[in-house]
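Presented below is the structure to which this report refers.
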Amino acid sequence: MLILSPVDRASEAPELVAAGAEELYAGYVPPYWSETFGPVVSCNRRSFDEANVGSFDEFEALVHAAAVRDVPVHVALNASPIPEGMLPRLVETAAELARIGVRGVIVSDLPLLLALRDARFRRPALHASTLFSAFNGMTVAFLRRAGAERVVLARELSTAEIAAMVPPAGETRLETIGFRGRCPNIEGFCTHLHDDPRRTWPCELRYEKEWVGQGGAIPPEILSAIERNEEADRFFSCGLCAVPLLERTGVHALKIVGRGSEAARKVAAVRAVAAMRAYGREAIPGPEDCARRGKALYRETFGRPCRPENCYFPEFLP
Amino acid sequence: MPDGVGAALGSEYCVHLLPSAARMAEAVREATAKRAPLLLLTSYFRDAELKASLPLFRAIPAGVQVDVAVNDWGALRALHGLFPRMRLSIGRLLSGQKRCTRIGASARLTEEGRMWHGEGIFSSPRARAYLAEAYGVEGYHVDDLPWSRPAPDEPDREEDAPFLFIHVPHAIVTVSDACPWIGGASSASVASCPRPCRNGHVLLREPSMGGDLFQKGKARFTSRDPGGIDRSSSPRAGAVVAYRDLP
């Protein structure tokens, strides 16, 4: 199982690779896109500058920096929907990126996936984003027929559900998201606008709440569950406990979330996942040992104990 | 079910809110007797849930006028493969429209950017052709949003526009896999659910959101134009799916 790390600058590549990253992915917004849609609507769902490689030349430098370390770079063009008029231009952008050595394009829009599948150039591999909400094997088959060679699974699946999906996927590579960036909502079904320049998203706000229904107040267990969700923090979300078991399932790659975060955070995330994977390879641990080791490693990484609301794989909770 | 009016049943966001096979068969019989259209809304599925739901789909006899809205690409593939004559449409969770209340209020969006949020997979001739040819898709479910494209009964609608089911007045803003009504656990963690979410909902208010949200079960909604539920459908180009309560 490969470790797939976010990267935002060519200068970050050496340290990320040294920490254990074996694949990198980055965002890029072509000038024609931002001229049309302004600063909020990005072609890769990250609207702030820090989350995107600043120019095509910078992207080429990033690909070169990774290639000399034998690490492929993928590009996220995972906005949805892509307006019809933008499809040929994004296909051309993908072709230009392929010419400089980009190896994969992460897509969440069916028309763009089909357009890239049918494009006549030596195209990069097509990765179906987690926004396709692949909760089952038939969705993997649907995406394969539409051109995807790799499918990023829904974040909400358990290790057992993922394990059951790997064999029927055949040659289609499966990828799972397992560190940082966990959202309380199913990403592919969420239509919130992420426009706050301070990056406080609608799913992270604390809402005033009022009950409408039988009885006079919100039932305590419902209130408590909603409030727990509001305490989730995407910067501290984690799936370390699951790493050894995910590797044994045959998942192709584990993606770390965090485009736009500081380089030190990205490096720390890669180190933590690499350490957990190494533990799994050396000790062949069972689930309980994984849970113990994962929680200890979390504390080392973040300086605090893990919390249920930030957990990707609740089956490892006590 | 009054004469001349169709009915919808099922759920777009929770497998536990789908009808039983027996209830589905009963609804089909009633709709057929009244010659009324029937719409089954379906959710996303894990592998085991999709398998367990097959009796529900088998309860729809081949050739009857039942529309099935799918909100899972795998379900689309499975249903078209197993029931080639089933009338399939792409549900709201897959439509691609963005419904966050902030979209109407954001000062950072350009007008082009705001309108982008009303587009969706139904806007793409390439996707429509592919889904029709490969999976027999016959329509698309959308919300009537201030930033959405022309509605079926509006004069500037294109001639070759897709068949749209327009849902009013409650638009789905977001869906989680964890349900507050079962203590915040994943809906997949319970084999069956007594549906406590049918007893009420929670209004959520935050000044920066530009409008209220309503949480019911795993979904958060926004509501608009309550008078719109009396809009008549346009048989030429679409239908209206009207809700008296939050679905």
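Chain order of the listed sequences is A and B.
Using our numbering, the first residue of the first sequence is number 1, and each one after it goes up by one.
Using our numbering, the first residue of the second sequence is number 1001, and each one after it goes up by one.
The beta-carbon is built from N, C-alpha and C at its ideal position, and this holds for glycine as well.
- Of the candidates Val105(A), Glu161(A), Tyr207(A), Val105(A) places its Cα closest to the Cα of Glu149(A).
- When rounded, the separation of the alpha-carbon atoms in Leu16(A) and Arg99(A) is 24 Å.
- The beta carbons of Asp1047(B) and Arg1099(B) sit no closer together than 7 Å.
- Contacts with chain B at 7 Å (Cβ-Cβ) include Val41(A).
- Listed by position along chain A, the residues whose Cβ is nearer than 9 Å to that of Leu1054(B) form an empty set, because the closest Cβ is around 12 Å away.
- Beta-bridge analysis with DSSP links Lys209(A) to Leu1204(B).
- Within the DSSP bridge table, the entry for Arg1220(B) names Thr1174(B), Gln1215(B) as partners.
- Inter-segment contact for the segment 241-258 of chain A and the segment 287-296 of chain A is present: three or more beta-carbon pairs are separated by less than 8 Å.
- Per DSSP, the continuous alpha helix (DSSP H) segment holding Ile222(A) begins and ends at 220-230.
- Rounded to the nearest angstrom, the gap between the Cα atoms of Ala1025(B) and Pro1037(B) is 14 Å.
- With respect to the 7 Å criterion, Gly137(A) and Met165(A) are classified as neighbours on the basis of their beta carbons.
- Residue state for Tyr25(A) is assigned as strand, using DSSP reduced to three classes.
- Taking one beta carbon from each stretch, the segment 249-264 of chain A and the segment 14-29 of chain A have 3 or more pairs nearer than 8 Å; the two touch.
- For the segment 1100-1114 of chain B, the set of positions with a beta-carbon nearer than 7 Å to some beta-carbon of chain A reads Cys1100, Arg1102, Ile1103, Ser1106, Arg1108, Leu1109, Thr1110, Glu1112, Gly1113 in chain order.
- Between Glu187(A) and Phe1057(B), the alpha-carbon positions lie close to 27 Å from each other.
- Here the segment 1049-1066 of chain B makes no contact with the segment 1109-1123 of chain B; the two share fewer than three CB pairs at distances below 8 Å.
- Counting along the chain, the unbroken alpha helix (DSSP H) around His64(A) starts and ends at 56-67.
- Annotated three-state conformation of Pro1125(B) is helix, per DSSP.
- Within 10 angstroms of the beta-carbon of Leu116(A) lie 16 or more other beta-carbons, which makes it buried.
- Shown here for Ala169(A): same chain residues with a beta carbon closer than 6 Å to its own, the five before and five after excluded, namely Val140 in chain order.
- For Ala1031(B), the three-state secondary structure derived from DSSP is helix.
- Between the segment 1213-1223 of chain B and the segment 1011-1025 of chain B, the count of C-beta pairs closer than 8 Å reaches three or more; the two stretches touch.
- Measuring C-alpha to C-alpha distances from Pro83(A) to each of Glu208(A), Ser42(A), Val102(A) identifies Ser42(A) as the nearest.
- The Cβ of Arg1128(B) sits no closer than 7 Å to any Cβ of chain A.
- In terms of Cβ geometry, Val152(A) and Thr130(A) form a close pair [threshold 7 Å].
- Going by C-alpha positions, Leu126(A) is about 19 Å away from Glu60(A).
- The Cβ neighbour count for Val1241(B), taken over all protein chains shown within 10 Å, is at least 16; the residue is labelled buried.
- Scanning chain B for C-beta atoms nearer than 8 Å to the C-beta of Gly38(A) yields Arg1108, Leu1109, Thr1110, Glu1112, Gly1113, reported in chain order.
- Sixteen is the threshold: when 16 or more other Cβ atoms of the shown chains lie within 10 Å of the Cβ of Thr176(A), as they do, the residue is buried.
- The beta carbons of Gly101(A) and Val53(A) sit no closer together than 7 Å.
- Excluding five sequence positions before and after Gly1091(B), the CB atoms of its chain that fall closer than 6 Å to its own CB belong to Glu1012, Ala1069, Val1070, Asn1071, His1141, given in chain order.
- Not one beta carbon of chain A lies nearer than 7 Å to the beta carbon of Ile1090(B).
- Closest by C-alpha distance to Leu77(A), out of Arg46(A), Arg120(A), Leu254(A), is Arg46(A).
- A residue is called buried once 16 or more other Cβ atoms fall within 10 Å of its Cβ, and Glu1030(B), having fewer, is exposed.
- With its beta carbon less than 7 Å from one in chain A, Gly1120(B) belongs to the interface.
- Ala18(A) has its alpha-carbon roughly 45 Å from the corresponding atom of Gly1210(B).
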